[in-house]
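Chemist: Numbering follows my numbering, in which position 165 of the sequence shown is assigned residue number 362; successive positions increment by one, without gaps.
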Amino acid sequence: MPEKKQAARRAPARVDHPFKGIALVLLSTIFLGCSDVTAKYLSTELPSIEITWIRFLTFALMFTPVMLPVSPLYAMRTERLGLQLMRGAVLLGSSLFFITGLRYLPIAEASATGFVSPLFVTALSIVFLSEKVGVRRWIATAIGLMGVVIILRPGTSAFHLAAFFPIISAFCWAAALILTRMMSGREAVLTTMTYSALTGLTLLTAMVPFVWVTPSWSAIGLGIFIGVASTVGQWIIVLAYRYGDASVLAPFSYTQLLWVSILGFFLFGEVPDLWTVIGAAFIVASGLYIAHRERVRRSQLLVLEERSPNA
198 MPEKKQAARR APARVDHPFK GIALVLLSTI FLGCSDVTAK YLSTELPSIE ITWIRFLTFA
258 LMFTPVMLPV SPLYAMRTER LGLQLMRGAV LLGSSLFFIT GLRYLPIAEA SATGFVSPLF
318 VTALSIVFLS EKVGVRRWIA TAIGLMGVVI ILRPGTSAFH LAAFFPIISA FCWAAALILT
378 RMMSGREAVL TTMTYSALTG LTLLTAMVPF VWVTPSWSAI GLGIFIGVAS TVGQWIIVLA
438 YRYGDASVLA PFSYTQLLWV SILGFFLFGE VPDLWTVIGA AFIVASGLYI AHRERVRRSQ
498 LLVLEERSPN A
């Protein structure tokens with residue numbers, strides 16, 4: 198009985214309400230888009246490491262209540278400490294590299310490039326999850342990479358070395374997703390987010406003294422906003438996936454490109470050029486098709502389980 202109660206607490210019952218899930222994903226993109234735009238604005242005043250440190254400090258403080266042993270939601274018990282620490286480290290890498298890229302790149306370009314994470318998930322799932330990837334998903338991955346090349350335009354005057362930062366960020370985010378899958382069903386969401394916050398904060402606290410710039414009160418306020426907005430946005434995504442399949446909800450995450458483009462125009466006067474729009478279209482199309490193939494694959498697995506005499 199105690200094991201069943203613990204499992205129920207770790208994996209809340211999933212309810213099939215796709216429209217509620219879609220609404221939550223759309224809401225999350227507003228929070229995440231505002232966080233990214235604010236980070237770009239603040240990057241002119243503070244180093245990327247310091248911005249990320251404030252973000253993770255806020256992240257950790259928001260989860261302090263579940264770190265206390267007396268809390269009914271105590272989240273420090275884990276069976277996968279090594280994986281939790283690795284996830285926290287790569288999540289830190291994702292945030293740090295992306296914010297560094299924002300300092301030098303138009304926000305629409307950085308965001309579009311950062312959406313190549315599904316391509317990396319496809320490749321990493323073969324190595325770490327032993328998944329089989331068909332020819333069509335590889336073709337979709339190649340199309341997405343073409344989109345990245347179109348946006349970056351290596352060899353031309355439009356190319357900037359900082360364009361690699363969002364790509365590295367996307368790779369780190371993909372690694373975080375793979376690690377999350379590896380812990381799926383074994384670790385509570387609160388536990389995973391708490392360890393991610395503590396791991397990132399610990400690493401950044403060791404780094405930030407070397408680049409420290411005394412922030413103004415307004416900079417501190419903006420840094421806290423970044424931490425709150427990004428944490429709330431990620432938590433809303435977790436809630437959204439209780440109401441719908443990833444293949445249904447994932448396409449709506451691309452609306453974040455719309456928000457950052459609009460905010461980038463009004464705050465920084467940035468207008469995405471034609472190549473960025475075309476490249477983003479390639480990346481989005483690739484991501485949508487990969488999500489479709491994931492849905493098809495899961496449906497086939499369910500059919501096989503139903504047919505299996507041992508199911």
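Ideal Cβ positions, reconstructed from N, Cα and C, are used throughout, including at glycine.
How big is the Cα-Cα spacing for Phe465 and Ile219?
Modeler: Looking at the two C-alpha atoms, the distance is approximately 29 Å.
Chemist: I want to know whether the region 387-398 touches the region 249-269 - three or more CB-CB distances under 8 Å.
Modeler: Touching, yes.
Chemist: Cα separation between Gln203 and Leu321?
Modeler: Reliability fails at Gln203, whose pLDDT of 48 lies under 50, so the model's placement of it is uncertain and the value that follows must be treated cautiously. Answer to the nearest angstrom: the Cα atoms are 30 Å apart.
Chemist: Taking only the alpha-carbon atoms, compute the straight-line gap between Ala309 and Ser232 and give it to the nearest angstrom.
Modeler: Near 16 Å, if we compare the C-alpha coordinates of Ser232 and Ala309.
Chemist: In chain order, what residues of the same chain lie with their CB nearer than 7 Å to the CB of Gln453, ignoring the 5 residues before and after it?
Modeler: Within the same chain, Gln453 has close Cβ partners Thr226, Leu229, Gly230 and Ser308.
Chemist: Considering Cα atoms alone, identify which of Leu349, Val457 and Ile248 is closest to Trp409.
Modeler: When only C-alpha atoms are compared, the closest one is Ile248.
Chemist: Let me check understanding here. Comparing Cα to Cα, which of Ile336, Phe256 and Glu467 lies closest to Ile423?
Modeler: Nearest C-alpha to Ile423: Phe256.
Chemist: For Val234 and Thr411, I'd like the C-alpha separation in whole angstroms.
Modeler: Rounded to the nearest angstrom, the two C-alpha atoms are 21 Å apart.
Chemist: Of the choices Ser327, Trp370, Ala385 and Ser413, whose alpha-carbon is the least far from that of Leu239?
Modeler: The shortest Cα separation from Leu239 among Ser327, Trp370, Ala385 and Ser413 belongs to Ser413.
Chemist: Where do the N-terminal and C-terminal ends of the alpha helix (DSSP H) with Glu247 fall, by residue?
Modeler: Segment Ser245 to Met259, the alpha helix (DSSP H) holding Glu247.
Chemist: Using the three-state DSSP reduction, which class does Arg378 fall into: helix, strand or coil?
Modeler: Residue state, collapsed to three classes: helix.
Chemist: Which residues in the same chain as Ser366 place their Cβ atom closer than 6 Å to its Cβ, once the five residues preceding and following it in sequence are excluded?
Modeler: Excluding sequence neighbours, Ser366 sits near Ser291, Phe294, Phe295 and Gly311.
Chemist: At what residues does the alpha helix (DSSP H) containing Ser225 begin and finish?
Modeler: Per DSSP, Ser225 belongs to the alpha helix (DSSP H) from Pro215 to Leu239.
Chemist: From which residue to which residue does the alpha helix (DSSP H) around Val410 run?
Modeler: Careful: Val410 lies outside any alpha helix (DSSP H) and carries neither H nor E.
Chemist: Does the Cβ-Cβ distance between Ile304 and Val457 come in under 8 Å?
Modeler: Yes, these two residues count as a Cβ contact at 8 Å.
Chemist: Would Pro269 be called buried (16 or more neighbouring beta carbons within 10 Å of its own) or exposed?
Modeler: That one is exposed.
Chemist: Among residues of its own chain, excluding the 5 on either side of Met390, which ones have a beta-carbon nearer than 7 Å to its beta-carbon?
Modeler: Phe260, listed in sequence order.
Chemist: Tell me whether the beta-carbon of Ile487 lies closer than 8 Å to the beta-carbon of Pro215.
Modeler: Cβ atoms of Ile487 and Pro215: not closer than 8 Å.
Chemist: At the level of alpha carbons, what is the spacing between Ile434 and Trp370?
Modeler: Spanning the two alpha carbons is a distance of roughly 14 Å.
Chemist: On the DSSP letters alone, give me the boundaries of the alpha helix (DSSP H) that Gly461 sits inside.
Modeler: First-last of the alpha helix (DSSP H) with Gly461: Thr452 to Phe465.
Chemist: Is the region 329-346 close to the region 277-285, with three or more CB pairs under 8 Å?
Modeler: No, the region 329-346 does not touch the region 277-285.
Chemist: Are the beta-carbon atoms of Gly331 and Phe479 separated by less than 8 Å?
Modeler: Against a cut-off of 8 Å, the Cβ pair of Phe479 and Gly331 comes out as no contact.
Chemist: Where Phe449 and Val222 are concerned, what is the direct C-alpha to C-alpha distance, given to the nearest angstrom?
Modeler: Each residue's Cα considered, the two are about 7 Å apart.
Chemist: Is Val474 helix, strand or coil when you go by DSSP?
Modeler: Three-state DSSP puts Val474 in a helix.
Chemist: Looking only at its chain, what residues have a beta carbon closer than 6 Å to the beta carbon of Val481, apart from the 5 residues adjacent to it on each side?
Modeler: Same-chain partners within the cutoff: Tyr451.
Chemist: Given a cut-off of 8 Å on the beta-carbon distance, is the pair Ile246 and Leu436 in contact?
Modeler: Cβ distance not < 8 Å, so Ile246 and Leu436 don't count as in contact.
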